[in-house]
Amino acid sequence: MNDGVNGVALTVFILFFLAVTVMGFLAARWRKAENEHSLDEWGLGGRSFGTWVTWFLLGGDLYTAYTFVAVPAAIYAAGAAGFFAVPYTILVYPLIFTFLPRLWSVSHKHGYVTTSDFVRGRFGSKGLSLAVAVTGILATMPYIALQLVGIQAVLDVMGVGGGENTNWFVKDLPLLIAFGVLAAYTYSSGLRAPALIAFVKDTLIYIVIAVAIIYIPIKLGGFDDVFGAASEKYTAAKAGGLVPLEAGQWTYATLALGSALALFMYPHSITATLSSRSREVIRRNTTILPLYSLMLGLLALLGFMAIAAGVKVTNPQLAIPQLFEDMFPDWFAGVAFAAIGIGALVPAAIMSIAAANLFTRNIYKDFIKPDATPAQETKVSKLVSLLVKVGALVFVLTMDKTVAINFQLLGGIWILQTFPALVGGLFTRWFHRWALLAGWAVGMIYGTFAAYGVASPTQKHFGGSAKEIPGIGEIGYIGLTAFVLNVVVTVVLTFVLKALKAPEGVDETSPEDYTADAGDPGVEVELPPATAGATH
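Residue numbers are given in the working numbering: position 434 of the sequence shown equals residue 434, and the series is strictly consecutive.
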């Protein structure tokens, strides 16, 4: 690892960072809102984005610094098991094609800003809505932190911030500056900022991957040598070579399936989705987003290249930045580092906005100030987006960086427990609201305690996301086991509560709401009762 500062790479990195910072602030003038004091405008970009803007926004949202750093890092450290991210992104798109257009339609019809808005409207339950909102906020925090870990990894490899013995403030000052800039332009421009910056982020990532997948293997002697070196390492470590060991195949399959089910339960995924201007935009995006899966498969190969290049790091999260440092000319290493850094800023901005919207609409408005005006909602959401970033920053400055991915996987365990209420509610009203709440609680409790009991060489608790599946005896993804328990409890209790004729709550939606489009006659965004008559 370079002990000094890579001046050329750092200069290129700073230039790109300054460029996207300017774009972030100018985004407030892009597609300028008629009324800035509205969550529809600040938090959803006015629900006005077309196919390409939505595609870049969703891509920037889903394929993050986590993708660039942690996925190949997992392959570098653990072998082919790290490829689970590739099949799960393939599985997810046919899945979301079935329900995202329905969610967009009903949300557009009733003015829903968050998934919790829909759950409250569908099941007439503020308690269930609160559970979904709190889960979304909890699951998003480590995800934002993981983006900051990506920035920190790049800064460490460039030699910025000093060594381990440097004063903590000096060491973390570059990350604090990046955080401050991100917070400022997100506060100013809302969702328009990451939507605009996503164009730069995705272009850089595609360029870097295209160059890396051709240039690095040539320097290493070809793909035969790359795969040979990786196979030797895994065989020597008894890690199963280039395929997972038989004992790990249940873990691989359940992690891929569980992650696919969870991906579009995250608040930031839904925020990007609801910013689209029509139902057809969503349908088109589910057909072209798999292009990112192709990119992800190529990106994962960087883990093998790091092995073949002899990259030696104590923290696997540094493997890919170090590979770029070692293999690329300094100027292009700066471009690659900028791609990772911007790849962290875009999703971090969307995630903080999504979490803030959940707090504002489903905690502040539902339980603290029911008569909040649109302007008050927007102000609160802006402030909360800052607090969310501060929380993520504290999280990343105090956590063990070597296990960053496990904290995000813990968030996946939690967010998966909202699937029955959200996706189930989009297709049927049969589930009882109290049964859904009980199922959610069982899944959350089991998933959290099971993950707490998993140890690793570096952590006594929360050391992983796989554990023995009760009744089967195989090691599998805790989130999927918790989800199955959640569904079983929900179904059984629904039968019981319906037999007891327990009150089911009022459904404010109608069947035609789920297939409506923006251009359909009579389809307009409805204002919530508390804001009726206000400027929107």
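Each residue gets a CB set at the ideal place from its N, CA and C atoms; glycine is no exception.
For G248, does the count of other Cβ atoms within 10 angstroms reach 16, so buried, or fall short, so exposed?
Result: buried.
Whether V396 touches V149 by CB criterion (7 Å):
Result yes, Cβ atoms of V396 and V149 sit closer than 7 Å.
Residues near R102 in its chain [Cβ-Cβ closer than 6 Å; skip 5 each side]
For R102, the CB contacts under 6 Å within the same chain, skipping 5 residues up- and downstream, are L426 and Y514 in chain order.
Could you have a look at F462 and say whether DSSP puts it in helix, strand or coil?
Here F462 sits in coil by DSSP.
What span of residues does the alpha helix (DSSP H) with I207 cover, start to end?
Counting along the chain, the alpha helix (DSSP H) containing I207 begins and ends at R192 to L220.
Decide if V496 is buried, meaning its Cβ has at least 16 other Cβ atoms within 10 Å, or exposed.
V496 comes out exposed.
Cβ-Cβ separation, Q147 to P347 (assumed contact under 8 Å), whole Å
At roughly 6 Å, the Cβ-Cβ gap stays under 8 Å, so P347 and Q147 are in contact.
Does the structure place the stretch 105 to 125 close enough to the stretch 413 to 433 that three or more beta carbon pairs sit under 8 Å?
Touching, per the Cβ criterion.
Just curious, the beta strand (DSSP E) that Y66 is in, first and last residue?
That residue, Y66, is in no beta strand (DSSP E); it is neither H nor E in DSSP.
Report the option in D40, G297, V313 and A308 whose CA atom is closest to the CA atom of I216.
Nearest C-alpha to I216 among D40, G297, V313 and A308: A308.
Under the three-state DSSP convention, the category P529 falls into:
Confidence at P529 is low in this model, with a pLDDT of 44, below 50, so its placement is unreliable and the value that follows should be read with caution. DSSP places P529 in helix when its eight states are reduced to three.
With Y452 as the anchor, note down where its alpha helix (DSSP H) starts and where it stops.
From DSSP, the alpha helix (DSSP H) with Y452 extends over R433 to Y452.
Three-state secondary structure (DSSP) of I177
Three-state DSSP puts I177 in a helix.
Expressed to the nearest angstrom, what Euclidean distance is found between the alpha-carbon atoms of P142 and G411?
C-alpha separation (whole angstroms): 7 Å.
Could you tell me whether the Cβ atoms of A19 and D330 are closer together than 7 Å?
No; because the gap between Cβ atoms is not below 7 Å, this pair is not in contact.
Presumed contact (8 Å Cβ cut-off) between L318 and V157, rounded CB distance
Yes, L318 and V157 are in contact; Cβ-Cβ is about 6 Å, under 8 Å.
So G447 and T490 are in contact, right, with Cβ under 8 Å, and what is the actual spacing, rounded?
In this structure G447 does not touch T490 by the C-beta definition: roughly 15 Å separates them, more than the 8 Å allowed.
Closest by CA to I368, which one among I14, T51 and K126?
It is K126 whose Cα lies nearest to the Cα of I368.
Where do the ends of the beta strand (DSSP E) carrying Y112 lie?
Looking at the DSSP string, Y112 is not in any beta strand (DSSP E), and its letter there is neither H nor E.
Skipping 5 residues on each side, what residues in its chain have a beta carbon closer than 6 Å to that of P244?
Excluding sequence positions up to five before and after P244, its CB lies within less than 6 Å of the CB of A80, A81 and Y252, all in the same chain and listed in chain order.
In three-state DSSP terms, what is K369?
Here K369 sits in coil by DSSP.
Output needed for A450: all residues of its chain with C-beta closer than 6 Å, excluding positions within five of it in sequence on either side, in chain order.
So the list reads K467 and I478, once near-sequence residues are dropped.
Of the residues V71, G24, D61 and G59, the one placed nearest G297, counting alpha carbons only:
It is V71.
Are the stretch 326 to 342 and the stretch 105 to 114 touching by the rule of at least three beta carbon pairs closer than 8 Å?
Judged by Cβ distances under 8 Å, the stretch 326 to 342 makes no contact with the stretch 105 to 114, as fewer than three pairs qualify.
A133 versus L302: straight-line alpha-carbon distance, rounded:
Looking at the two C-alpha atoms, the distance is approximately 36 Å.
Counting C-beta neighbours from all protein chains within 10 Å, is the total for A236 16 or more, i.e. buried, or is it exposed?
Exposed is the label assigned to A236, since fewer than 16 other Cβ atoms lie within 10 Å of its Cβ.
Using a Cβ-Cβ cutoff of less than 6 Å, which residues in the same chain neighbour Y63 once the five nearest sequence positions on both sides are dropped?
Closer than 6 Å at Cβ, skipping near neighbours: Y292.
Inter-residue spacing [alpha-carbon to alpha-carbon] between A300 and S465
Approximately 20 Å, taken between the alpha carbons.
Three-state secondary structure (DSSP) of S188:
S188: helix per DSSP, three-state reduction.
Taking DSSP as the reference, what is the three-state secondary structure of G471?
Residue state, collapsed to three classes: coil.
Outcome for F13 when other beta-carbon atoms lying within 10 angstroms are tallied against a minimum of 16
So F13 counts as buried.
Would you mind stating whether T458 and H37 have Cβ atoms separated by less than 7 Å?
At least 7 Å separates the beta-carbon of T458 from that of H37.
Helix, strand or coil at F264 according to DSSP, with G and I counted as helix:
It is coil, neither helix nor strand.
Candidates L57, F179, L130 and L274: closest to K389 by CA position
The closest CA to that of K389, considering only L57, F179, L130 and L274, is found on F179.
Could you check the C-alpha separation between T531 and G111 for me, to the nearest Å?
Low confidence applies here, because T531 scores a pLDDT of 38, under 50, leaving its location unreliable; read the following figure in that light. In a straight line, the C-alpha of T531 is about 11 Å away from that of G111.
In terms of alpha-carbon separation, which member of A183, L155 and P503 lies closest to L173?
Here the closest residue by C-alpha is L155.
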